[in-house]
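Each residue of the sequence shown is one higher than the last, beginning at 387 in our numbering.
The beta-carbon is built from N, C-alpha and C at its ideal position, and this holds for glycine as well.
Everything below concerns the one structure shown next.
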Amino acid sequence: MKNGFENPIYVTKPLLPELEKINSRLEKIWKTGMLTNMGEQHRELEEKLSQYLACENITLFNNGTIALMAGLKALDLKGEVITTPFTFPATVQALEWNGLKPVFCDIDPVSMTMDAGKIEDLINENTSAILGVHVFDNICDVRKIDEISKKYNLKIVYDAAHSFGSIYEGVPVWEFGDMSMFSFHATKLFNTIEGGCIISKDAGITERLELMKSFGRDKDGKVADWGINGKLNEFQAAMGIEVLKLVAGEKEKRIGLAKIYNAILGDIEGIRVVTEACRSRSCQYLVVEIDEEKFGKSRDMVFEALNSSNVFPRKYFHPLCSDTDWYRMDYSNKELKHAQSASERVLALPFYGGLSEENVEKICNIILNC
Ligand SMILES: *Cc1c(COP(=O)(O)O)cnc(C)c1O
Numbered sequence: 387m388k389n390g391f392e393n394p395i396y397v398t399k400p401l402l403p404e405l406e407k408i409n410s411r412l413e414k415i416w417k418t419g420m421l422t423n424m425g426e427q428h429r430e431l432e433e434k435l436s437q438y439l440a441c442e443n444i445t446l447f448n449n450g451t452i453a454l455m456a457g458l459k460a461l462d463l464k465g466e467v468i469t470t471p472f473t474f475p476a477t478v479q480a481l482e483w484n485g486l487k488p489v490f491c492d493i494d495p496v497s498m499t500m501d502a503g504k505i506e507d508l509i510n511e512n513t514s515a516i517l518g519v520h521v522f523d524n525i526c527d528v529r530k531i532d533e534i535s536k537k538y539n540l541k542i543v544y545d546a547a548h549s550f551g552s553i554y555e556g557v558p559v560w561e562f563g564d565m566s567m568f569s570f571h572a573t574k575l576f577n578t579i580e581g582g583c584i585i586s587k588d589a590g591i592t593e594r595l596e597l598m599k600s601f602g603r604d605k606d607g608k609v610a611d612w613g614i615n616g617k618l619n620e621f622q623a624a625m626g627i628e629v630l631k632l633v634a635g636e637k638e639k640r641i642g643l644a645k646i647y648n649a650i651l652g653d654i655e656g657i658r659v660v661t662e663a664c665r666s667r668s669c670q671y672l673v674v675e676i677d678e679e680k681f682g683k684s685r686d687m688v689f690e691a692l693n694s695s696n697v698f699p700r701k702y703f704h705p706l707c708s709d710t711d712w713y714r715m716d717y718s719n720k721e722l723k724h725a726q727s728a729s730e731r732v733l734a735l736p737f738y739g740g741l742s743e744e745n746v747e748k749i750c751n752i753i754l755n756c
């Protein structure tokens, strides 16, 4: 393939520990005969994550979506929740499974997170919470959202699926709002194959979530709360313990690759690198925004050119949640022009430690010459 890659290059590659490390943990699991229900591996992962994230009130779940669903449930919300259409469908689905109505707020065109200046217009007597998403680890306007929530007595939940371990203004990102969800899906920086957690500011909520994720049953086996099966199993936990050891090294490599992307694409007219890569951030994605008028080629043209060179970037997030048939009828809102525009312009480029610097240069050149 002229100019292209012989083997396909995808947007990410999950962190995989050495197989022997996993095998020795599997041997431990075999010895205990305990495959799930919060065994030794689960306890160890919970402890390691509490240290890594500098938090106390953490509840592990079998995936981030169930974590968010349960987290919202534990806040006893009602009516409407203000959120962003520029996100992965799971954010909105977690609301819907709770019988809550998503009300879409437009985004800020630079950070691509919810435009906090537009929230107040969407608040009415049915509003119970704000569900922000730290899109591509660009942190929401947490100060403004905090002010608004105090003024109207609203809860704040953050979908922090893109922000594992991020520090913002010197503070762990989960400290903002009432609770935050991290996803441990295979495509995220840190993975347990599938998995996730809620970190809450309130120990009472964490206590509830521990019951809720295991059928709502208390220690006597009596159903005492809302219940679901949200347990992270021992295999997932074993994977997580070993993957967590690789996260710091992976981030260093990604920071190096981001420098190359920035050096080649950063000053090109019509291309903007939307994401920031440094030690205090998750380095989960490398996203560019392409302005067709200035660059001369549209995002979709760049996407096609990369595909035909065997490179498979992702259009995160396209289509917008508010634009799919499933949501359009109920939640259409004409005032989403920045979300609309972002969804037509963004492209998540290949970004993982195993990618070579030469390949990053080659990918950039395909973009520039398409
Ligand atoms: C990945 C992701 C989720 C869902 O997490 P899972 O662990 O895959 O269930 C939710 N929200 C956002 C923004 C995500 O990127």
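Leu454 sits away from Asp564, with the two beta carbons spaced by 8 Å or more. Assignment of Leu446 by DSSP, reduced to helix, strand and coil, places it in the strand class. Residue pairing by DSSP places Ser586 opposite Met565 in a beta bridge. With fewer than 16 other beta carbons inside 10 angstroms of its own, Ala440 counts as exposed.
Cα atoms of Pro394 and Arg529: separation of roughly 42 Å, rounded to the nearest angstrom.
As the crow flies, the alpha-carbon of Val673 is around 24 Å from that of Gly556. Distances from the CB of Val559 to the heavy atoms of ligand 1 are all 7 Å or more. Note that the stretch 498-509 does not touch the stretch 476-484; fewer than 3 beta-carbon pairs, one per stretch, sit closer than 8 Å. Distance from Ser668 to Asp523 at the Cβ level is roughly 5 Å; contact confirmed, criterion being Cβ atoms closer than 8 Å.
By the neighbour-count definition (other C-beta atoms within 10 Å, threshold 16), Glu466 is a buried residue. For Leu643, the enclosing alpha helix (DSSP H) covers residues Val633 to Leu651. Taking a C-beta distance under 8 Å as the contact criterion, Val397 and Pro736 qualify as a contact pair.
Note on the stretch 664-694: whole beta strand (DSSP E) runs with a minimum of 3 residues are 672-676, in chain order. DSSP, reduced to helix, strand and coil, places Ala453 within a helical segment of the structure shown.
In this structure Ile516 is in contact with Leu540, their Cβ atoms being roughly 6 Å apart against a cut-off of 8 Å.
For Met500, the pairing in a beta bridge is given by DSSP as Ile493.
Counted as a single uninterrupted DSSP element, the beta strand (DSSP E) harbouring Ile542 occupies residues Lys541 to Asp545.
A check of alpha carbon separations from Leu575 across Glu442, His548, Val697 and Ala663 identifies His548 as the nearest. Ile505 places its beta carbon less than 8 Å from that of Ile468.
In this structure, Phe621 has its beta carbon at no less than 7 Å from each heavy atom of ligand 1.
For Leu463, there is no enclosing alpha helix (DSSP H), as DSSP marks it with neither H nor E. The beta carbon of Gly390 sits closer than 6 Å to the beta carbons of Ser695 and Asn696 from its chain, once the five residues preceding and following it are set aside; these are given in chain order. Straight through space, the alpha carbons of Phe570 and Lys464 are spaced by roughly 28 Å.
With contact defined as three or more Cβ pairs closer than 8 Å, the stretch 651-664 and the stretch 442-454 are not in contact. A contact is defined here as three or more CB-CB pairs under 8 Å, and the stretch 413-425 meets this definition with respect to the stretch 614-624. Residues Val609, Gly613, Ile614 and Asn615 of the same chain have their beta carbon placed closer than 8 Å to that of Phe601, with the five preceding and five following residues left out of the count. Here DSSP, grouped into helix, strand and coil, assigns Pro394 to coil. About 4 Å separates the CB atoms of Gly457 and Ile584; that is less than 8 Å, so the two are in contact. Separation of Glu662 and Asp606 (C-alpha to C-alpha, rounded to the nearest whole angstrom) is 48 Å. Straight through space, the alpha carbons of His428 and Phe550 are spaced by roughly 18 Å. Residues Val519, Val521, Asp545, Phe703 and Cys707 of the same chain have their beta carbon placed closer than 8 Å to that of Thr473, with the five preceding and five following residues left out of the count.
Ligand 1 never approaches Phe576 closely enough for any of its heavy atoms to be under 7 Å from the residue's Cβ. Of the candidates Leu618, Leu722 and Gly450, Gly450 places its Cα closest to the Cα of Ser566. The C-beta separation of Phe447 from Gly581 comes to about 7 Å, placing the pair in contact by the 8 Å criterion. Burial is judged here by how many other beta carbons sit within 10 angstroms of a residue's own beta carbon; Gln670 has at least 16 and is buried.
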